[in-house]
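Report on one structure; see the data block that follows.
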Amino acid sequence: MFKSFSDFHGRKQQQRIADDACRGELLGFVICSYLPSAKMTDREFRSIKCPSEDLSLTNCVLVHDGDFPNTNYYVFTILGHPSTGPGKLAFNAVQRKWAGIVLNSDVKVRPYQFNQRTQCIGSLVLEIDHLQKKSNTPPATLDSDKLAAEFLMTFGSHALTVEQPLVFSYDSKLYSLRVKEIEVLDFSNAKSQMAGKPKIAQMGLLTPNSNVIFEKTENSNLNLSGKSKGKSSYQSIINPDWDFNKMGIGGLDKEFSAIFRRAFASRVFPPEIVEQLGMKHVRGILLFGPPGTGKTLMARQIGKMLNAREPKIVNGPQILDKYVGESEANVRKLFADAEEEEKRVGINSGLHIIIFDEIDAICKARGSVAGNSAVHDTVVNQLLAKLDGVEQLNNILVIGMTNRKDMIDEALLRPGRLEVQMEIGLPDEHGRHQILSIHTETMRTHGKLASDVDLAELAVLTKNFSGAEIEGLVRAAQSTAMNRLIKASSTVEVDPDAIEKLRISRSDFIHALQNDIKPAFGSSKEALDTFLSNGIINWGDPVSHVLEDGDLIVSQTRSSDRTPLVTMLLEGPPACGKTALAAKIAKTSDFPFVKLCTPENMIGYHEAAKCQAIKKIFDDAYKSPLSCVVIDDIERLLDYVPIGPRFSNLVLQALLVLLKKAPPAGRKLLVIGTTSRKDVLRDMEMLNVFSTIVHVSNISSSEHLLAVLENADLFSREELQYIQKKTHGKKLFIGIKKLLVLIEMARQMEIGERASKFLCILEDEGALEYS
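Each residue of the sequence shown is one higher than the one before, counting from 1 in UniProt numbering.
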């Protein structure tokens, strides 16, 4: 294939050798005695030191011109030079160390002839590093394509062997090379299908057409770019021993998948792939949501999952210091290790995780904290500079956790800083089942969970429970079961057979649900039950129509994507049962979040505090996929009185805004209001904000009255007939709530006079007119 030396070298290589007068002429190759040759005879030479540094960079063994006349190709490339005496070989330090050659010792050398058809290098892999490593050597990025071109021009006709070290001068700097892998092209049989295909070899002859690939040496701070860069060893960011099924995080599959996609997918790929895309890693994650929903647990598991440095966990208040400048210094200390490592190894730096718990304590909106010290402002500025400042870092991941996202400075929430913002909300039924399964797994393994415990049933019963509350429920059930095995006497004794008898049963969980653990967020079940203590008496079509309209708007809220906000106003005379009907609709909706906004919970509040309380109810409602808010007795919330009149315009404006504000994307909200003064709300222009207005009637006919009395199970059949006869065709107008009170009064009377006295009471109350 190659007939002469000039076939191997381009004009540039020949010109470089010709211009360098001290280098002499390349004569061929020699091989030491460990490769015998039957055709050649051994000759003895004395090893000496290489005459000059320039000649050392040739990585050739220097010989006298006359020792190897008319010799073509040898394993070790030799270069004729007049400074080398006859019978001597000049080795550089790297060659002597690699071959174990001692100065002034005798070396047996044989000429070596390359087979041009089977030993030409097709592909060559080289490891590169600084020749002289220093602890303070800054990281450098080398263009592998330019390196390959320079290497071919410098060593275009050299014989190379696997594990052979080389000294390489590039851009006025010295680098050490090691031959890692050689593939040669085999053209020995042109008719074979394998002709011209590469195969692994121990040595070969470098040609201008050889493909040279560079890889950095392990622990080197060199960075390589370009197409001639090999696949260097890369340690995955994900811990190889990690099992996603053992994370212990229930109900957060969707959130964790989103975090992994945004923050860690780019870190799974080798740094060179990310570099080719020109992308930067996500440097910040903000986890926010109600207390007990798993924010800290998720941050802890992320730290364990990643094959990174040990996470630095710091509570927000720990950053603050009473001395001037110390708070900012504490922030800088957290990032010091990451800065040092990135300066030392560049893109190959490991990941440094910093976890801020209660980050709102130090990252409040600038200018919002009163006082002259402005410590919070400078801490925020320092954190902003470290995350995305002039000297931004790409090897950090900051995880912040808070219950008050609204308090955090908005500059921290933009892309490049805490750009992945994930709400960790209350778990749904499937998530609650996962959490229950996690916290009862050990009990199931050891046979301590009774067979009557149905986790699916408990998942339904624990609506609006956070993950922490579910864990507390399991603990409470365990305590209840253990208490059964404690003998209460003069001393506390444990049943000796407790180990065998102990089983956590369904009744233990039910007892814990009813007595020990109540959800802090979500449904106002107790308040709803209070309003429905007497149940709903369906005394006629007016009640049926209200309940039907309620079912309709609940179905609309649940299924319609066009109306994420549905509002309904129940209006009617006082004591007609508006609040009970609103509570009934809210309870039967079975929404995860149901809250009551009532005047009784805001007694003594000034206007601003009342607005904040109302706004918090709506803000909490926005956190749930399906929410229902009942605003009871709106005119009382507005401080309306007929004398004056006077009302709170601040609260009115807050309600007008909140009743028009659509919930966030993916969230749906049903608002049910009640009022006894429709005319007042009309004057305040508030009726227009409700999508539907339903009238709740008083009892106004004898048939409706008899329906309620029959339900009360108080009067006999003869008494009911008497009451019907007396009320038939008469004017009747009374609210259901007032009527139930009068019925209870009649229950205290003597049986014979009960019916007549009940009618007298109705007449005295103005609910019944005989004229």
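No residue lacks a Cβ here, since even glycine has one placed at the ideal position from N, Cα and C.
- Runs of the alpha helix (DSSP H) lying entirely within the UniProt domain "AAA+ ATPase" (281-428) and spanning at least 4 residues, in chain order: 295-305, 316-319, 326-345 and 375-388.
- Closest in alpha carbon position to residue 640, among 683, 593 and 94, is 683.
- Across the structure, residue 660 and residue 598 are spaced so that their CA atoms are roughly 19 Å apart.
- Cα atoms of residue 293 and residue 132: separation of roughly 54 Å, rounded to the nearest angstrom.
- Taking 9 Å as the cut-off, the beta carbon of residue 470 is found no closer than this to the beta carbon of residue 444.
- When only Cα atoms are considered, residue 409 and residue 316 end up about 14 Å apart.
- Counting C-beta atoms within 10 angstroms of its own C-beta, residue 481 has 16 or more neighbours from the protein chains shown and is therefore classed as buried.
- Annotation for residue 204: no alpha helix (DSSP H) segment contains it, though the beta strand (DSSP E) segment containing it runs 203-205.
- Secondary structure note for residue 173: its beta strand (DSSP E) is the uninterrupted segment 173-185.
- Distances from the alpha-carbon of residue 226 to those of 217, 213, 218 and 219 put 213 closest.
- Annotated three-state conformation of residue 211 is strand, per DSSP.
- Sixteen is the threshold: since fewer than 16 other Cβ atoms of the shown chains lie within 10 Å of the Cβ of residue 323, the residue is exposed.
- The alpha carbon of residue 662 has as its nearest neighbour, out of 721, 567 and 700, the alpha carbon of 567.
- Residue 484 has no beta-bridge partner at all, per DSSP.
- In the three-state reduction of the DSSP assignment, residue 143 falls in the strand class, which pools E and B.
- Note on geometry: alpha-carbon atoms of residue 165 and residue 276 lie some 30 Å from one another.
- Annotated as distal: residue 583 and residue 621, with beta-carbon spacing of 9 Å or more.
- Contact between residue 724 and residue 706 holds, with the beta-carbon distance rounding to 6 Å and staying under 8 Å.
- Annotation: the continuous alpha helix (DSSP H) that includes residue 584 extends over 578-589.
- Look at residue 63 here: in three-state DSSP terms it is strand.
- Taking the Cα of residue 125 as reference, the smallest distance to any Cα among 420, 592, 467 and 210 is reached at 210.
- Contact between residue 746 and residue 731 is absent: CB atoms are separated by about 20 Å, not below the 8 Å threshold.
- Per DSSP, residue 263 lies in no alpha helix (DSSP H) segment and is marked neither H nor E.
- Across the structure, residue 94 and residue 147 are spaced so that their CA atoms are roughly 20 Å apart.
- The three-state secondary structure of residue 445, taken from DSSP, is helix.
- 130 is the residue among 520, 130, 340 and 249 whose C-alpha sits nearest the C-alpha of residue 222.
- In the three-state reduction of the DSSP assignment, residue 120 falls in the strand class.
- With respect to residue 141, residue 187 sits apart: the two C-beta atoms are not nearer than 9 Å.
- Rounded to the nearest whole angstrom, the CA to CA distance from residue 502 to residue 451 is 13 Å.
- When secondary structure is reduced to three states using DSSP, residue 722 falls in the helix class.
- Cβ neighbours of residue 596 within its own chain (closer than 6 Å, five residues either side excluded): 524, 527 and 630.
- Under DSSP, residue 165 shares a beta bridge with 178.
- Nearest neighbour of residue 387 by Cα position, chosen from 341, 334 and 403, turns out to be 334.
- The alpha-carbon of residue 161 is positioned some 7 Å away from that of residue 204.
- At the C-beta level, residue 182 and residue 249 stay beyond 9 Å of one another.
- Between the alpha carbons of residue 744 and residue 478 lies a gap of roughly 44 Å.
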